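Following: one structure in structure tokens, then a few remarks.
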Amino acid sequence: MSQNYYQKEIETMSTEEMKKLQSEKLVKQVKHVYENVPYYRNLMDEKGVTPEDIKDIDDLHKLPFLTKADLRDAYPYGLLAKPLDECVRIQSTSGTTGRRVVAFYTQHDVDLWEDCCARAITAAGGTKKDVCQVAYGYGLFTGGAGLHGGSHKVGSLTLPMSSGNTERQIQFMTDLGATILCCTPSYAAYIGESLKEQGYKPEDIPLKAGIFGAEPWTEEMRKGIEKALGIKAYDIYGLTETSGPGVAFECSEQSGMHVNEDHFYAEIIDPETGEVLPEGSKGELVFTSLDKEAFPLLRYRTRDICVLSRKKCSCGRTLIKMAKPMGRTDDMLIIRGVNVFPSQIETVLLNEGYEPNYQIIVDRVNNNDTFEVNVEMTPEKFTDKVSEILSMEKSLAGAMKIMLGINPSVHLVAPKSITRSEGKAVRVIDKRKLI
Ligand code: DLL
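Here the working numbering is used: position 126 in the sequence shown is 118, and no number is missing along the way.
Spelled out as structure tokens, the structure:
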């Protein structure tokens, strides 16, 4: 295989060796947390677990979970495991769903995180010869900082663009010959649209690969972006609580993301009961940070719904793989009693030849849920004949009914009328105020 591994000895380690490494790290980590984080020590005491009970990775299930509610309770310093003067950085979430998460990093933690991102860039074919355009937001969001650091480690020429200012993105991309683009998939799709409008064909664009994540995106959307930009599009996953992007990354096989399991141990649990589920089961993804110093969360419930697999990968890596997250336990809409994920709607749209430019609007009128989906017409499908529009809306609503089991009312809206996102896209407007 021609690809250059960044850390081959880890990424192709046997499962037994990996387990040994994880066990050694976990024993130390639990001790570190117990001694330095009174908040978690109380949770362990309540559960009657001591650090001595954790002898290897198979004992992990004995430990209590941490949830977003714990992060809220402990905000801002309650889960910090190192003195502040040993920390060199914070990053934070946008805080759209409740209080912000503030994560702390020592220099060791920053290095570990950047290593993970460097592995991701390498797996996407990146080397020091590449020009890596980082169009994730810089600042508190982890996307910009993480991929920026990873690109430096790989030795690529890094373009620290941040998100937005699409004209300038395109100018730098074409003038400086960017070969790798890092941004959210929705922004990649938007950059693709803008390039097309400016008369660029995929073969005129210097890019060869994209590293896209931070929000859910479907296989159909991947195909659309790959076609528009003439690239291979790789998924990358992570969350602020675990450090940021790079917890898992896609390789040449493009079928699920390898978890950097020497640093982050993944479990799948039943979100209702908390029971650990066997490999291959669908459930909530839980991460344990095995060697972070400042903000080392143990058994953190991500709320992402996912599946893990140890199936052999053609790239040679042995790191366990996670599927594309299928939604979030808190992203799932319950409309008229039926579970609906935005990703299902996106799949229907792409199958039916629409772009993933849509917005779901849910409301409650006279105790009944209303369910509307606004979908942009594509220039190809555009018509101003009312009868044709009605028939297209009916056919799309029918396809959604088959996928979801309930009937939305679909409205086709003019191309480009739904606000484009330069970061994470806002797909759902839930006006019901159920919480
Ligand atoms: O989104 C970190 C990140 C930055 C990942 C850049 C990838 C690239 P948060 O803002 O804390 O961190 O949001 C974390 O975003 O729990 C998932 O629900 C979602 N998410 C992240 N990556 C993916 C992905 C960053 N590849 C939350 N596919 C996570 C689907 C993703 N969802």
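For glycine and all other residues, C-beta sits at the position ideal for the given N, C-alpha and C. It should be emphasised that the depicted structure is a prediction, and the values quoted were computed from it without experimental measurement.
Query, Result
"With 16 other Cβ atoms within 10 Å as the buried cut-off, status of Thr375", "exposed"
"Ile113 (DSSP reduced to helix, strand or coil)", "helix"
"Terminal residues of the beta strand (DSSP E) in which Ala229 lies", "The question names Ala, but residue 229 is Tyr in the sequence shown. First-last of the beta strand (DSSP E) with Tyr229: 224 to 231."
"Stretch-stretch touch, CB-based, cutoff 8 Å, three pairs: the segment 197 to 206 with the segment 335 to 346", "no"
"Inter-residue CB distance, Arg419 and Ile353 (contact presumed, cutoff 8 Å)", "Their Cβ separation, rounded to whole angstroms, is 10 Å, which puts Arg419 and Ile353 out of contact at 8 Å."
"Glu27: first and last residue of the uninterrupted alpha helix (DSSP H) it sits in", "7 to 28"
"Spatial distance of Ser(-6) from Gly308 (CA atoms)", "Confidence is the limiting factor: at Ser(-6) the pLDDT is only 37, short of 50, which leaves the residue's position unreliable, though a coordinate-based value still follows. The straight-line gap from Cα to Cα measures roughly 11 Å."
"Extent of the continuous beta strand (DSSP E) to which Lys274 belongs", "274 to 281"
"Cβ-based neighbour list, Glu414, same chain, cut-off 6 Å, excluding 5 preceding and 5 following", "Ser155, Gly156, Tyr179"
"Inter-residue Cα distance where the pair is Gln14 and His100", "18 Å"
"Span separating the alpha-carbon of Lys377 from that of Arg412", "26 Å"
"Extent of the continuous beta strand (DSSP E) run through Met392", "Met392 -> not in any beta strand (DSSP E); alpha helix (DSSP H) instead, spanning 378 to 396."
"Continuous beta strand (DSSP E) assignments of at least 3 residues falling wholly in the segment 36 to 112", "81 to 84, 94 to 97"
"Closest by C-alpha distance to Tyr229, when choosing among Glu242, Leu342, Glu218", "Glu242"
"Expected contact under 8 Å - CB spacing of Glu25 and Ala73 to nearest Å", "A small fix is needed here, since residue 25 is Val in this sequence, not Glu. The Cβ separation is near 6 Å, so the contact holds."
"Local Cβ density within 10 Å of His255, reported as buried at 16 or more and exposed below that", "buried"
"Proximity of Pro407 and Pro371 at Cβ, strictly below 7 Å", "yes"
"Neighbour-count burial assignment, His53, 16 or more Cβ in a 10 Å radius", "exposed"
"Distance CB(Asn366)-CB(Val405) smaller than 7 Å", "yes"
"Endpoints, alpha helix (DSSP H) assigned at Glu189", "177 to 189"
"Distance cut-off 6 Å: Ala286 Cβ against heavy atoms of the ligand DLL", "no"
"Per DSSP, the bridge partner or partners of Val365", "Ile352, Val402"
"Start-to-end residues for the alpha helix (DSSP H) that takes in His250", "Unbroken run through His250 is the beta strand (DSSP E), 249 to 251; no alpha helix (DSSP H)."
"Rounded separation between Arg320 and Leu277 - CA only", "10 Å"
"Own chain residues within Cβ distance below 6 Å of Thr59, not counting five before or after", "Arg293"
"Nearest-angstrom Cα separation, counted from Asn28 out to Lys215", "47 Å"
"Which listed residue (Tyr130, Lys39, Glu16) has its alpha carbon closest to that of Asp283", "Glu16"
"Beta carbon proximity, Glu245 to chain D, threshold 7 Å", "Included in the structure is just one protein chain, with no chain D present."
"Cβ-Cβ distance between Leu149 and Val123 below 7 Å", "yes"
"Gly131 - DSSP class collapsed to helix/strand/coil", "coil"
"Bridge-paired residues (DSSP) for Arg320", "Asp296"
"Among Gly142, Ser247, Lys274, Thr265, nearest to Ala258 - alpha-carbon criterion", "Lys274"
"For Val402 and Ser383, the rounded distance between their alpha carbons", "11 Å"
"Nearest candidate by alpha-carbon position, reference Asp48, set Met318, Leu139, Pro237, Glu9", "Glu9"
"Delimiting residues of the beta strand (DSSP E) encompassing Ile260", "256 to 261"
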